[in-house]
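Q:
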Amino acid sequence: MSAEPSAPAWERRFRAPDLTFPDWAPGSPDRFVFATTETGIWQLHAWDRSSGDRRRITDHPVGAQTGMPTLDGTGVVWFQDETGDESGRWFRQPFGGGPVQPLFDPFPIAWNEGLAQAPGLTAVAVSDRGGFVVYVAPAGEPPKELYRSTEAVRLGGADGAGLNRAGLSADGSLLCLEHSEHGDLIHTAVRVIDARTGETIGELHDPGLALLAACWSPVPGDARLAVLDERYDDERPAIWDLHTGERVPVSLEGFEGPVTVHDWWPDASAVLLANLHEGRDHLYRFDLPTGRLTPIPTPDGTVSQARVRPDGTVWLRHSNGHRQPKVLAANGEEIVRLEGEPAPAGRPFVSWHFDNPHGQRVRGFHVTPEGPGPFPVIMRVHGGPTWLDSDRWQPEVQSLVDAGFAVGMVNYRGSIGYGRAWRDEIIGNVGRPELEDVNAGLSDLVSKGIADQRRAIIFGWSWGGYVTLLELGKHPDLWLCGVAGIPVGEYESSYEDSSPLLQAYDRALLGGRPQDLPELMRDRNPINFADRVRAPLLILAGENDSRCPIRQVLTYVERLRSRNHPVELYTYRTGHRTNDVGEAIRQQRVIRDFLSRHVPAG
């Protein structure tokens with residue numbers, strides 16, 4: 044989907060084709076499934092590398108990104124969200140095209156908690172208002188319920204893209220679950236069960252620490268599962284052998300920041316590691332028998348996904364703040380070339396450190412226009428909150444810089460990537476550490492001559508939208524205006540309308556249901572400070588959002604309108620995000636127009 048040649052650079056960056064990592068069928072490794080925006084909306088594609096044939100699988104107005112080949116490469120399966128609220132069903136189709144059928148029939152519309160495949164067996168987990176359920180379907184048979192819980196249960200690897208390598212073991216005998224049955228979704232536990240009977244084979248639970256499944260050994264009969272634990276503060280890999288029950292740490296020294304596992308080498312002799320340090324990723328091969336660590340050269344930036352091909356070569360999806368994503372081999376070869384104009388280069392992300400009021404070192408990035416400051420500044424707050432800003436491609440950031448703004452991105456307390464204590468500091472204390480760190484970042488940019496204090500804007504999506512609304516109510520004199528995308532403005536009804544997984548996350552983050560925490564909500568629920576908001580505000584919200592639902596957004600907007608406060612509301616038809624490039628551009632035009640009317644130039 045190419046932009047008109049006369050279109051501004053910011054719009055051409057949005058329209059430049061993007062793609063997810065192309066994952067292959069283990070039994071036919073030249074057959075791939077991936078999503079692209081070539082048609083103007085994220086849709087799944089099938090690609091036969093040996094023949095060069097590529098076709099679009101989905102053509103849905105909501106778009107689709109969650110899909111994979113079948114193990115033998117004869118088919119494709121994907122999850123289709125019908126409205127944008129992230130609930131839906133799994134479908135299947137022959138790899139070369141043909142009739143589309145439900146993967147499981149009959150099967151209810153529900154939220155996706157992961158799908159995994161093994162020879163002769165498929166496992167799927169879903170959630171609805173009744174709880175979390177795991178099903179297994181032997182080849183040719185309808186799915187049967189294997190596991191049920193009222194607390195969050197997902198397949199291992201459910202958050203990963205493409206073929207799930209952490210759910211079912213290579214021979215299909217073992218099924219890995221990540222759960223919060225102890226009541227804490229932020230510090231998950233890992234359980235492995237018999238994939239036919241549901242009997243528990245092994246359990247890992249480090250109270251107060253998070254555990255995640257990374258990937259099973261690819262060798263049938265090998266019962267080793269790579270996991271990530273926090274026994275050494277930052278995430279570190281370990282190898283858990285379900286035959287012996289032993290968990291052996293991967294011995295690493297001198298690393299700062301989390302180390303995760305992307306994949307195994309095909310003979311299970313080594314694992315592919317990624318170290319996230321200061322918002323940038325670095326890849327390594329770790330040989331298990333010898334402990335030898337070998338760097339895999341990669342450019343500075345973010346590796347969103349990496350895999351080891353059957354011949355032992357490494358492929359990765361890479362981007363950085365000023366360059367759009369590409370799928371590369373480790374030798375730098377570009378694997379997939381998309382149709383359409385490439386994105387104009389952007390301004391580089393600059394690593395940034397400053398101290399908060401407690402003397403803690405806070406990290407992040409800033410981006411500035413060409414020329415000397417001070418510039419009007421946008422403090423752009425990331426979502427999550429257990430997420431981070433890294434050196435990765437974000438067309439919106441470059442759009443704001445093109446409009447003349449400096450952009451500050453703060454990895455506030457609550458962000459991942461800086462140790463469990465940093466992440467966990469906001470548990471039961473949301474809405475205070477984030478504001479302290481963002482405001483300290485603004486002060487630092489002002490002191491450096493980068494930012495103009497009189498033209499400071501607070502801006503964020505999702506949890507960043509929550510922080511934006513809280514900032515405007517608690518620090519009304521600090522901000523010239525604000526932009527809150529898909530925010531939480533009224534926490535209690537937001538919780539009531541959220542998906543089951545998001546409700547479990549909120550309970551872990553807050554320390555209970557919002558309704559049961561009146562003292563915390565009194566001081567950290569944005570609607571309680573709506574009458575103190577002075578700055579003009581733009582809110583963007585999805586009509587079918589199951590993470591930050593629309594009802595509570597409308598309640599917050601009506602509170603402002605009841606006192607004739609200048610608030611603008613833009614709504615769109617789908618949910619927490621849009622897969623439609625055209626819609627993303629419309630939103631960006633609304634944002635740029637709002638800023639142009641409220642931020643004086645010069």
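For the numbering used here, add 43 to where a residue sits in the sequence shown, where the first one is 1. The C-beta atom is built at its ideal place from N, Cα and C for all residues, glycine as well.
#1: Which runs of the beta strand (DSSP E) spanning at least 3 residues fall entirely within the stretch 561 to 631, listed in chain order?
#2: For residue 79, I'd like the list of residues in its chain whose CB is within less than 8 Å of its CB, leaving aside the five on either flank, ordered along the chain.
#3: So, under 8 Å CB-CB, residue 424 and residue 351 are touching, yes? Tell me the CB distance rounded to an integer number of Å.
#4: Taking only the alpha-carbon atoms, compute the straight-line gap between residue 642 and residue 523 and give it to the nearest angstrom.
#5: Which residue marks the beginning of the alpha helix (DSSP H) containing residue 698, and which one marks its end?
#6: Could you compute how far the alpha carbon of residue 156 sits from the alpha carbon of residue 210?
#7: Between residue 580 and the rest of its own chain, which residues show a CB-CB distance below 6 Å, the 5 nearest in sequence each way excluded?
#8: So, at 6 Å on beta carbons, what are the nonlocal neighbours of residue 510 in its own chain, with the 5 sequence-adjacent residues on each side left out?
#9: By how many angstroms is the C-alpha of residue 312 removed from the C-alpha of residue 96?
#10: Taking three-plus beta-carbon pairs below 8 Å as touching, is the stretch 549 to 569 in contact with the stretch 621 to 634?
#11: Need the endpoints of the beta strand (DSSP E) that residue 216 sits in, please.
#12: Please say whether residue 583 and residue 507 have beta carbons closer to each other than 7 Å?
#13: What separation, rounded to the nearest whole angstrom, lies between the Cα atoms of residue 128 and residue 217?
#14: Closest to residue 428 by C-alpha separation, out of 549, 416 and 94, would be which residue?
#15: On a Cα-Cα basis, can you pick out the residue from 305, 334, 330 and 332 that is closest to residue 324?
#16: Does the structure place the stretch 144 to 155 close enough to the stretch 515 to 522 that three or more beta carbon pairs sit under 8 Å?
#17: What residue does the beta strand (DSSP E) around residue 556 start on, and which one ends it?
#18: Would you report the Cα separation of residue 595 and residue 372, rounded to the nearest angstrom?
#19: For residue 287, count neighbouring Cβ atoms within 10 angstroms of its own Cβ and tell me buried if that reaches 16, exposed if not.
#20: What residues are listed by DSSP as bridge partners for residue 144?
#21: Looking at the strands, I want to know which residues DSSP matches up with residue 420.
#22: Spell out whether any CB of chain B is found under 7 Å from the CB atom of residue 367.
#23: Give every residue of the same chain whose Cβ lies closer than 7 Å to the Cβ of residue 114, excluding the five residues on either side of it in the sequence, and list them in chain order.
#24: On the three-state DSSP scale, how would you describe residue 121?
#25: Quick check on DSSP: helix, strand or coil for residue 368?
#26: Identify the continuous alpha helix (DSSP H) that holds residue 489 and give its terminal residues.
#27: Can you list, in chain order, the residues of its chain with a C-beta nearer than 7 Å to that of residue 399? Leave out the 5 residues immediately preceding and following it.
#28: What's the C-alpha gap between residue 467 and residue 365?
#29: Leaving out five residues on either side along the sequence, give the residues of the same chain with a beta carbon under 8 Å from the beta carbon of residue 294.
#30: Can you give, in chain order, each stretch of the beta strand (DSSP E) that sits fully within the stretch 79 to 116 and has at least 3 residues?
#31: Taking all protein chains shown into account, do 16 or more other C-beta atoms lie within 10 angstroms of the C-beta of residue 201, making it buried, or fewer, making it exposed?
#32: So residue 538 packs on residue 569, CB below 8 Å; how close in whole Å?
A: Let me spell this out:
#1: If we require 3 residues or more, the beta strand (DSSP E) runs fully inside the stretch 561 to 631 come out as 580 to 585 and 610 to 615.
#2: Beyond the five residues adjoining it in sequence on each side, residue 79 comes within less than 8 Å, by CB distance, of 60, 61, 62, 63, 85, 86, 88 and 381 in the same chain, given in chain order.
#3: Contact annotation, residue 424 with residue 351: C-beta distance approximately 36 Å; criterion of less than 8 Å not satisfied.
#4: Going from the Cα of residue 642 to the Cα of residue 523 covers about 7 Å.
#5: For residue 698 there is no data in the structure shown, the boundaries of the chain being 44 and 645.
#6: Straight-line measurement puts the Cα of residue 210 at about 11 Å from the Cα of residue 156.
#7: Within the same chain, Cβ atoms closer than 6 Å to the Cβ of residue 580 are found at 525 and 610, the five residues on either side in sequence being excluded.
#8: Taken in chain order, the residues that qualify are 424, 477 and 503.
#9: So the alpha carbons of these two residues sit roughly 34 Å apart.
#10: No, the stretch 549 to 569 does not touch the stretch 621 to 634.
#11: That residue, residue 216, is in no beta strand (DSSP E); it is neither H nor E in DSSP.
#12: Not a contact, by the Cβ cut-off of 7 Å.
#13: Answer to the nearest angstrom: the Cα atoms are 31 Å apart.
#14: When C-alpha distances from residue 428 are compared across 549, 416 and 94, the shortest belongs to 549.
#15: Checked all of 305, 334, 330 and 332; the closest Cα to residue 324 is 305.
#16: Too few Cβ pairs lie closer than 8 Å, so no.
#17: From DSSP, residue 556 is part of no beta strand (DSSP E); its letter is neither H nor E.
#18: Put simply, the backbone Cα of residue 595 is about 46 Å away from that of residue 372.
#19: By the neighbour-count rule (16 or more Cβ atoms within 10 Å), residue 287 is not buried but exposed.
#20: 135, per the DSSP bridge assignment.
#21: Answer by DSSP bridge pairing, in chain order: 449 and 499.
#22: In summary, chain B is missing from the structure at hand, where a single protein chain is found.
#23: If we look at residue 114 and ignore the five residues flanking it on each side, its Cβ neighbours are 68, 69, 70, 160 and 162.
#24: Strand.
#25: The answer is strand: DSSP assigns residue 368 an E or B state.
#26: 476 to 490 is the extent of the alpha helix (DSSP H) around residue 489.
#27: Excluding residues up to 5 positions away in sequence, 405, 479, 480 and 483 lie with their Cβ nearer than 7 Å to the Cβ of residue 399 in the same chain.
#28: The C-alpha of residue 365 is placed about 31 Å away from the C-alpha of residue 467.
#29: Taken in chain order, the residues that qualify are 334.
#30: Runs of beta strand (DSSP E) with 3 or more residues, each lying fully within the stretch 79 to 116, are found at 86 to 91, 96 to 99 and 110 to 112, listed in chain order.
#31: Label assigned to residue 201: buried.
#32: The Cβ separation is near 14 Å, so there is no contact.
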